[in-house]
Amino acid sequence: MIDLLLPFHYEFFIKGIIVSVLLGGICGLAGVYIILRGLSYVGHGLSHAAFGGAIVGSIVGLNYYVGAIIWSYLASFVIYEISKRNKIKPDAAIGLVTTAIFAFGVLLVSITNRYTRNFESLLFGNILAITEQDLYIIVSVTILSGAFFFFLHKRLVFSFFDNESAKISGIKTSYIELLFSFVLATIIIVSMSSIGVTLLASVIVGPAISARMLSNNFSNVVFLSIIIGSVASFCGMYASFFLDSSSGPTIVMFITLAFGITALYTVFKKIYHSHSHGGISHSHPHLHTDEHRHEHEHEHKHP
Amino acid sequence: MGSFEYLKLTGVSYGFTYHDFVVEGVNLSIPKGRFVSIVGPSGSGKTTLLKLICGIYDPWNGDIEYICNDCDSIFYYPSVGYVPQIETIDWNFPVSVQEVIAMGSWNYKSYLPWIDKKLKNQIRDTLKILGLSGYEKRHIRALSGGEQQRVFLGRALIRNPDVLILDEPTTGLDYVSREKIFDILKALNNNGMTIILSTHDITHIANRSPWVICFNKYVIAEGHPQDVLKEDNLLKTYGLSDYKIK
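Protein chains in written order, with the working numbering: chain A, 7 to 309; chain B, 45 to 290.
So this is what it looks like as structure tokens:
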């Protein structure tokens, strides 16, 4: 019989579970703001930029985090400036800038062949590569990023919803957006080692879009996204122990599963939508067609 | 209601591409408490002019200044409430009516993410004025065009602005919704609020506003509607030779 508590006997696993739950939660939280800002591609792009920075930093003898931070902050700033000063949408700027920085890192590796930190673990994630220092950094970044979203929530939501009106009402929208992209870059950097550059986009966007399908209320979307991110990361990490698989891909599979279940739920919810005939409220499977009209409990108008 | 100069635009020009002005050499003087309608065709620069007045754009040439004779500081800038064109809004954004209106008072306990009881009461009172009582929890997409427009008006009003600026507030609305919005604006203006709006609706809005500006890149004419909305001015503004004021 399988001992379900067996993984918790290992210190590396407990460390891994803490890291994955924290990262799942904070990526889920950041993801809500990212999708609402229309920057779904930013996680993918900035993780590549940070990867390039980590390599360059390592080659010139800097700490992994220092290199990644300098490079991804630079990428964030360039993306921000390009989108602000030109008629280019942020996603297009992300595509160009971050892949260029990523390519520069890979080019340096191929030329110098001096990169020491496990190259593969950064690409695909390896929870076993998490050091004590990484753990402390991840906990600190989670707390600070959580505080950022908590205290600047009003400014962020107003800026993302209606940027010009927010600016007129006195919000320094440019600073808020730049600060937001720096916070995102920081979250992405600390997530790279355990989730992996190539897989990070899913952990950021997946929980947020699943939560968005479930609710129209901002607070509920944030809450659900954090829960989905944390639970899927926990399940992925836990399953990876028994499957003897890489933690990053396993977590991504659970996030995709959560998305699939949510999508199915919303489809069935529409079909079984509660309605009433002559004042009697009930539900049964049906499609909304001209031949089958109802007096619906909730009116849905679309401008 | 005072009649002294409040908002002054002197030789204001602005454009989006070099040497191609959208707004050119605008001189305007608007007293406090005035209700101004700016009329002009699409692409005439009305929205750009409003955004210049709001401070979204900095003019290439000229000055925009607010003058407060009663204020101690020479650096006076009023509280401005802005109602954008609702076509620019992302209706899939997960926010309720209450959350949209609360955005207007973001600087009230600005570092706390929730809406407290005091603010909820203020929102309820604002919704009552706008004829939207009980709409607090509704998602913004589940409202009609007229109701959506009033929610954005509520967001501007909750900050109790000195100047209210509205970009085509009645576009796409039916007769009743248009009248409701106009009545609310008239009531606000009667209480002393300065109102500046842009509109395509000459017959129902501009014609009933106390002051009208015909605008197409520059000010063609301004004054009372009966003096301004005449064939020659409309011809210059719209290029319509056969337009007759009803």
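We put the beta carbon where it would ideally sit given N, CA and C, even for glycine.
These numbers were taken from a predicted model, which means no experiment stands behind them.
8 Å Cβ cutoff, residue i in contact with chain B
i: P309 of chain A; result: Here P309 of chain A scores only 41 on pLDDT, less than 50, and its place in the model is too uncertain to base an answer on.
i: F327 of chain A; result: No information on residue 327 of chain A is available, as it lies outside the stretch 7 to 309 that chain A covers here.
i: F224 of chain A; result: yes
i: V62 of chain A; result: no
i: R218 of chain A; result: yes
i: F156 of chain A; result: yes
i: V227 of chain A; result: yes
i: T295 of chain A; result: Residue placement at T295 of chain A is poorly supported in this model, since its pLDDT is 47, which falls under 50; the coordinates still yield a value, given next. Not closer than 8 Å to any Cβ of chain B, the Cβ of T295 of chain A fails to qualify, so no.
i: I232 of chain A; result: no
i: E301 of chain A; result: Its pLDDT being 45, under 50, E301 of chain A is placed unreliably by the model, and nothing is read from it.
Among the options, the one whose alpha carbon lies nearest that of residue i
i: A243 of chain A; options: A:G30, A:N223 and A:L114; result: Checking the displayed sequence, the identity of residue 243 of chain A turns out to be Met instead of Ala. Here the closest residue by C-alpha is A:G30.
i: T243 of chain B; options: B:S73, B:F119 and B:G84; result: B:G84
i: A60 of chain A; options: A:L185, A:S151, A:A172 and A:S197; result: A:S197
i: G254 of chain A; options: A:A245, A:S200 and A:H159; result: A:S200
i: S86 of chain B; options: B:V66, B:G77 and B:K153; result: B:V66
i: E126 of chain A; options: A:T204, A:L113, A:G212 and A:S221; result: A:T204
i: S73 of chain B; options: B:Q270, B:I257, B:K274 and B:L278; result: B:I257
i: T104 of chain A; options: A:N69, A:Y47, A:T148 and A:L134; result: A:Y47
i: L232 of chain B; options: B:D169, B:P205, B:L217 and B:D245; result: B:P205
i: G58 of chain A; options: A:P213, A:C33, A:G37 and A:L80; result: A:L80
i: F164 of chain A; options: B:S88, B:W255 and B:P157; result: B:P157
i: L141 of chain A; options: A:L11, A:E17, A:A245 and A:F229; result: A:E17
i: G202 of chain A; options: A:E170, A:S53 and A:I117; result: A:S53
i: I32 of chain A; options: A:F247, A:R91, A:I193 and A:A74; result: A:I193
i: V72 of chain A; options: A:I117, A:G34 and A:I143; result: A:I143
i: G198 of chain B; options: B:H248, B:N277 and B:I228; result: B:I228
Short Cβ contact (8 Å threshold) for residue i with residue j
i: S78 of chain A; j: A55 of chain A; result: yes
i: K172 of chain B; j: Q142 of chain B; result: no
i: I234 of chain A; j: A269 of chain A; result: no
i: E68 of chain B; j: Y262 of chain B; result: yes
i: I167 of chain B; j: I133 of chain B; result: no
i: V139 of chain B; j: S253 of chain B; result: no
i: G55 of chain B; j: G106 of chain B; result: yes
i: L51 of chain B; j: Y110 of chain B; result: yes
i: D9 of chain A; j: L45 of chain A; result: no
i: R194 of chain B; j: L176 of chain B; result: yes
i: S180 of chain A; j: W150 of chain B; result: no
i: G49 of chain A; j: G101 of chain A; result: no
i: V38 of chain A; j: V209 of chain A; result: no
i: G77 of chain B; j: T238 of chain B; result: yes
i: T170 of chain B; j: L217 of chain B; result: no
i: I41 of chain A; j: V211 of chain A; result: yes
i: F196 of chain B; j: V272 of chain B; result: no
i: P213 of chain A; j: S187 of chain A; result: no
i: E212 of chain B; j: Q129 of chain B; result: yes
i: S151 of chain A; j: A36 of chain A; result: yes
i: F226 of chain B; j: I82 of chain B; result: no
i: F229 of chain A; j: V189 of chain A; result: no
i: L114 of chain A; j: I65 of chain A; result: yes
i: W104 of chain B; j: I184 of chain B; result: no
8 Å Cβ cutoff, residue i in contact with chain A
i: P213 of chain B; result: no
i: R203 of chain B; result: yes
i: V124 of chain B; result: yes
i: E143 of chain B; result: yes
i: G59 of chain B; result: no
i: K290 of chain B; result: Model confidence at K290 of chain B stands at a pLDDT of 48, short of 50, so the residue's coordinates are unreliable; what they give is reported in the following sentence. False, the Cβ-Cβ gap to chain A never drops below 8 Å.
i: H63 of chain B; result: no
i: I240 of chain B; result: no
i: G99 of chain B; result: yes
i: I133 of chain B; result: yes
i: P128 of chain B; result: yes
i: M45 of chain B; result: At M45 of chain B the pLDDT is 44, less than 50, meaning the model places this residue with poor confidence and gives no usable figure here.
i: K52 of chain B; result: no
Those residues which DSSP pairs with residue i across a bridge
i: G59 of chain B; result: B:F65
i: G125 of chain B; result: B:L208
Residue i: contacting residues in chain C (beta-carbon distance under 8 Å)
i: S221 of chain A; result: Absent from the structure is chain C; the protein chains it does hold are A and B.
Quick one: which residues of the region 160–191 of chain A get their C-beta closer than 9 Å to a C-beta of chain B? List them in chain order.
-> Contact residues of the region 160–191 of chain A toward chain B are K160, R161, V163, F164, F166, F167, D168, E170, S171, A172, K173, I174, S175, G176 and I177 (C-beta to C-beta distance below 9 Å).
Along the region 40–56 of chain A, what residues have a CB closer than 7 Å to any CB found in chain B?
-> Near chain B, meaning a CB-to-CB distance below 7 Å, the residues of the region 40–56 of chain A are L42.
Contacting positions in the region 263–284 of chain B - beta carbon closer than 9 Å to chain A = Cβ contacts with chain A come from no residue of the region 263–284 of chain B.
Give the residues from the region 145–156 of chain B that approach chain A closer than 7 Å (Cβ to any Cβ), ordered along the chain.
-> Correct list: M147, G148, W150, N151, S154 and Y155.
Would you list, in chain order, the members of the region 227–260 of chain B that have their beta-carbon closer than 8 Å to a beta-carbon of chain A?
-> For the region 227–260 of chain B, the beta-carbon criterion of a distance under 8 Å to any beta-carbon of chain A is satisfied by none of its residues.
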